[in-house]
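A.B. asks:
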Amino acid sequence: MTDDSGLPDRSATDLAAAIRAGDCSPVALVEACLDRIEARNDRTNAFVTVPAESARERARAAEAAVERGDDLGPLHGVPVAVKDLLAVADVRTTYGSVPLADHVPDRDDPAVARLRAAGAIVIGKTNTSEFGHVATTANDLFGATRNPHDPSRTAGGSSGGSAAAVADGLVPAALGTDAGGSVRIPASACGCVGLKPATGRVPRHTRPDAFADVVPFTDTGPIARTAEDCALLLDVLAGPHPEDPFSLPGREGRFRDVTGGIDDLRVAYSPDLGAFPVDERVLEPVEETIDRLAAAGATVERIAGPLADVWDDASAASLTLFQAKMAGLAATSRAAFGVDLGERLDELSGVLAAMIERGREHGAVDIAEASAARTAAFDAVQSTLAEYDLLACPTLGTLPFDVDSHGPDRIDGEEIDRYTGWYLTQPFNMTGHPAVSVPAGRSEGLPVGLQIAGRRHDEATVLAASAAL
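Going by the working numbering, the letters in the sequence shown line up with residues 18 to 486, in that order.
#1: I'd like the list of long-range same chain contacts for residue 356, defined as Cβ closer than 8 Å, with 5 residues on each side in sequence excluded.
#2: If we count the other Cβ atoms within 10 Å of its Cβ and call it buried at 16 or more, is residue 46 buried or exposed?
#3: In the DSSP assignment, find the unbroken beta strand (DSSP E) run with residue 285 in it and report its ends.
#4: Any idea if residue 196 is buried or exposed, counting beta-carbon neighbours within 10 angstroms, 16 or more meaning buried?
#5: Pick helix, strand or coil for residue 32, following the three-state DSSP scheme.
#6: Going by Cα to Cα distance, which pick from 388, 270, 258 is closest to residue 234?
#7: Alpha carbon to alpha carbon, how far is residue 288 from residue 303?
#8: When you compare each of 261, 436, 369, 352 to residue 218 by their alpha carbons, which one comes out closest?
#9: Quick one: is the Cβ of residue 291 within less than 7 Å of any heavy atom of the ligand COA?
#10: Which parts of the region 202-250 are runs of the beta strand (DSSP E), unbroken and 3 residues or longer, counting only runs that do not cross its ends?
#11: Whole angstroms is fine: what's the gap from residue 284's alpha carbon to residue 273's?
#12: If you draw a straight line from the C-alpha of residue 259 to the C-alpha of residue 407, how long is it?
#13: Suppose only complete runs of 3+ residues qualify. What are the beta strand (DSSP E) ranges in the region 88-128, listed by chain order?
#14: Rank 240, 62, 396 by C-alpha distance to the C-alpha of residue 169 and give the top, closest one.
#15: So, with DSSP's three-state summary, where would you put residue 364?
#16: Pick out whichever of 369, 295, 279, 360 has its Cα sitting closest to the Cα of residue 465.
#17: Beta-carbon of residue 160 versus every beta-carbon of chain B: anything under 8 Å?
#18: Mind checking residue 183: buried by the 16 CB within 10 Å criterion, or exposed?
#19: Whole angstroms are fine: how far does the CA of residue 176 sit from the CA of residue 160?
#20: Would the region 311-329 and the region 465-478 be scored as touching if the rule is three or more Cβ pairs under 8 Å?
#21: Measure the C-alpha to C-alpha separation of residue 475 and residue 254 and round it to an integer number of angstroms.
#22: Excluding the 5 residues preceding and the 5 following residue 372 in the sequence, name in chain order all residues of the same chain whose CB lies nearer than 8 Å to its CB.
#23: Is it true that the region 240-249 meets the region 121-134, where meeting means three or more beta-carbon pairs spaced less than 8 Å apart?
#24: Is the separation between the beta-carbon of residue 138 and that of residue 165 shorter than 8 Å?
#25: By Cβ distance below 7 Å, which residues in the same chain neighbour residue 204 in space, the five residues on each side in sequence not counted?
#26: Could you give the DSSP three-state label for residue 485: helix, strand or coil?
#27: Any chance you could list the beta strand (DSSP E) runs of at least 3 consecutive residues sitting entirely within the region 29-78, in chain order?
#28: Using the Cα positions of residue 224 and residue 133, report the straight-line distance between them to the nearest angstrom.
#29: Per DSSP, what kind of secondary structure is residue 164 in: helix, strand or coil?
#30: Cα separation between residue 434 and residue 336?
#31: What is the DSSP secondary structure of residue 460, reduced to helix, strand or coil?
#32: Going by DSSP, name the residue or residues bridged to residue 144.
#33: State the DSSP-derived secondary structure class of residue 373, mapped to helix, strand or coil.
#34: Pair every Cβ in the region 444-459 with every Cβ in the region 475-486, then say whether three or more of these pairs are closer than 8 Å.
#35: Residues in its own chain within less than 8 Å of residue 18 by CB, not counting five upstream and five downstream?
#36: How should residue 382 be labelled, buried or exposed, when 16 other C-beta atoms within 10 angstroms of its C-beta is the threshold for buried?
Here's what the structure looks like:
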């Protein structure tokens, strides 16, 4: 009798190839993932909604297509998890918010629709902070998501459910969203690969405000165990969409064909971007990984922090813009969800409610000044990437901390904002550059991540460097 229990541990690329070859049953694969979720989810709280019968039905249909010899998509029969901020038709999608506890969309988010068109099977929705408003994963509906490597620690956020599901072997790949690091932060904390594509690469659907995702740039991206899997998912997700005014044109070639040699790459390494304190326990494995990147062929140069002169103002600008974004979300929520969040602030997270109230106070001058500070950060990153192909740094300034905390108050004795001062991801949402977090070993038994950012619209080079590691 065949033992299928280990199927969820294989990569999405490997599973897709095995299904196409007739060597792996989609039905057996989905059942193995569902068994894992049932057995392990209580430990991490990665999944919040699992439409098991729908997944089984789609698996049976996928298996029948293989048996008929149909043309198969690149993810045919592969289970994928979806963050609970992305709409899945006819599946509860709560955004981690009490007022939307019973919300069921009637259409798929564009990324979900593309997963399905490629043959993937949506196996469930993963936990998030409420509307992704903080960089950890907990809400009043479902509680906190825990780190598979140490359940007393945070999984990061706000796509912590997706990262925990992949890291714990519940599913081979997942989707997250990233407005300040929400794909890369949990990928680092959980030991996965998490890619924030260039803004516009993966289309998004925000209505009634199609322009909501620019303050700051918010992107949908994959979380997986390998760079190759992230490239495969990006091939499926990328491309123009008529409903997204920022979606990019198609590009020649496949992302999964460019994860090759890096001998001609120049990489700038900054241990802190000139703006963030970083724990020595993080720096040691990160710098060992930087040495591996050089050994793989890249030319690596240590540089002074490119954001040293601009990030204080840009960080404050990011908060202003995000508060305005949350206020806009509340103002348009009735049209978007049929629920007026602005009238139900007492049911929201206290932090989110405060963001909305503060965002309502920002005027045109505040937004203009924030945009000017943001421009200075953009120019600083552009200047570095005019000289180098890639910019590398730690993903996080600290190790995963207590699951009930929003973050540390200090790193190596330096006082920080516990909500925003411990991750080095936010600058690239302000600027729109693609960035990935890749595993960089461990410290004290906990995962550490290396962040690699690339030139505008150049995920291919980011993925090539990631694959080399």
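Think of the CB as a built atom: it goes at the ideal place given N, C-alpha and C, for glycine as much as any other residue. Only a predicted model underlies this, so the values are computations on that prediction, with no experimental measurement involved.
C.D. replies: Considering the structure as presented:
#1: By 1-based counting over the sequence shown, the position of residue 356 is 339. So the qualifying residues of the chain are 116, 117, 120, 350.
#2: As a working note, residue 46 is residue 29 in the sequence shown. Classification for residue 46: buried.
#3: Within the sequence shown, the letter at position 268 stands for residue 285. Counting along the chain, residue 285 sits inside the beta strand (DSSP E) bounded by residues 283-286.
#4: In the sequence shown, residue 196 corresponds to position 179, counting from 1. By the 10 Å Cβ count, residue 196 comes out buried.
#5: Sequence index remark: in the sequence shown, residue 32 carries index 15 (1-based). In the structure shown, the three-state DSSP call for residue 32 is helix.
#6: By 1-based counting over the sequence shown, the position of residue 234 is 217. The option with the nearest alpha carbon to residue 234 is 388.
#7: Position 271 of the sequence shown, counted from the start, is the residue given in the question as residue 288. Position 286 of the sequence shown, counted from the start, is the residue given in the question as residue 303. If you take the alpha carbons of residue 288 and residue 303, they lie about 9 Å apart.
#8: Reading the sequence shown from its first residue, position 201 is the one you call residue 218. For residue 218, the nearest C-alpha among the options comes from 261.
#9: Ligands in the displayed structure: none, and consequently the ligand COA is not present.
#10: 210-213, 236-241
#11: On the sequence shown, position 267 is the one that residue 284 refers to. On the sequence shown, position 256 is the one that residue 273 refers to. Their backbone Cα atoms lie some 21 Å apart in a straight line.
#12: The residue labelled residue 259 in the question sits at position 242 within the sequence shown. The residue labelled residue 407 in the question sits at position 390 within the sequence shown. Residue 259 and residue 407: Cα-Cα distance of roughly 31 Å.
#13: 96-100
#14: Within the sequence shown, the letter at position 152 stands for residue 169. Selected option, being the one with the closest Cα: 62.
#15: Counted from its first residue, the sequence shown places residue 364 at position 347. Of the three classes helix, strand and coil, the one that applies to residue 364 here is helix, per DSSP.
#16: Indexing the sequence shown from 1 puts residue 465 at position 448. The option with the nearest alpha carbon to residue 465 is 295.
#17: In summary, chain B is missing from the structure at hand, where a single protein chain is found.
#18: Your numbering for residue 183 matches position 166 in the sequence shown. Buried.
#19: Here residue 160 corresponds to residue number 143 of the sequence shown, with the count starting at 1. Here residue 176 corresponds to residue number 159 of the sequence shown, with the count starting at 1. Distance between the alpha carbons of residue 160 and residue 176: 14 Å.
#20: no
#21: Sequence index remark: in the sequence shown, residue 475 carries index 458 (1-based). Sequence index remark: in the sequence shown, residue 254 carries index 237 (1-based). Those two C-alpha atoms are separated by around 15 Å.
#22: As a position in the sequence shown, residue 372 is number 355, starting the count at 1. Same-chain partners within the cutoff: 150, 339, 340, 343, 344.
#23: Touching, no.
#24: Numbered from 1 along the sequence shown, position 121 holds the residue referred to as residue 138. Numbered from 1 along the sequence shown, position 148 holds the residue referred to as residue 165. Cβ atoms of residue 138 and residue 165: not closer than 8 Å.
#25: Walking along the sequence shown from the start, residue 204 turns up at place 187. Excluding residues within five positions, the ones whose Cβ falls inside 7 Å are 180, 210, 211, 240, 454, 466.
#26: Position 468 of the sequence shown, counted from the first residue, corresponds to residue 485. It is helical.
#27: 64-66
#28: Within the sequence shown, residue 224 is the residue found at index 207, counting from 1. Within the sequence shown, residue 133 is the residue found at index 116, counting from 1. Rounded to the nearest angstrom, the two C-alpha atoms are 22 Å apart.
#29: Walking along the sequence shown from the start, residue 164 turns up at place 147. In this structure, residue 164 counts as strand in the three-state DSSP scheme.
#30: Here residue 434 is taken as the residue at index 417 of the sequence shown, counted from 1. Here residue 336 is taken as the residue at index 319 of the sequence shown, counted from 1. Whole-angstrom Cα-Cα distance: 12 Å.
#31: For this step, residue 460 is matched to residue 443 along the sequence shown. Note: residue 460 maps to strand in three-state DSSP.
#32: For the purposes of this step, residue 144 is taken as the residue at position 127 of the sequence shown. Per the DSSP secondary-structure output, residue 144 pairs with nothing in a beta bridge.
#33: Numbered from 1 along the sequence shown, position 356 holds the residue referred to as residue 373. Helix, per DSSP.
#34: yes
#35: Here residue 18 refers to the residue found at position 1 when the sequence shown is read from its first residue. For residue 18, the pLDDT reaches just 42, beneath the cut-off of 50, and the residue's location in the model is therefore unreliable, although a value from the coordinates is still provided. If we look at residue 18 and ignore the five residues flanking it on each side, it has no Cβ neighbours.
#36: Walking along the sequence shown from the start, residue 382 turns up at place 365. Answer is exposed; the Cβ neighbour count stays below 16.
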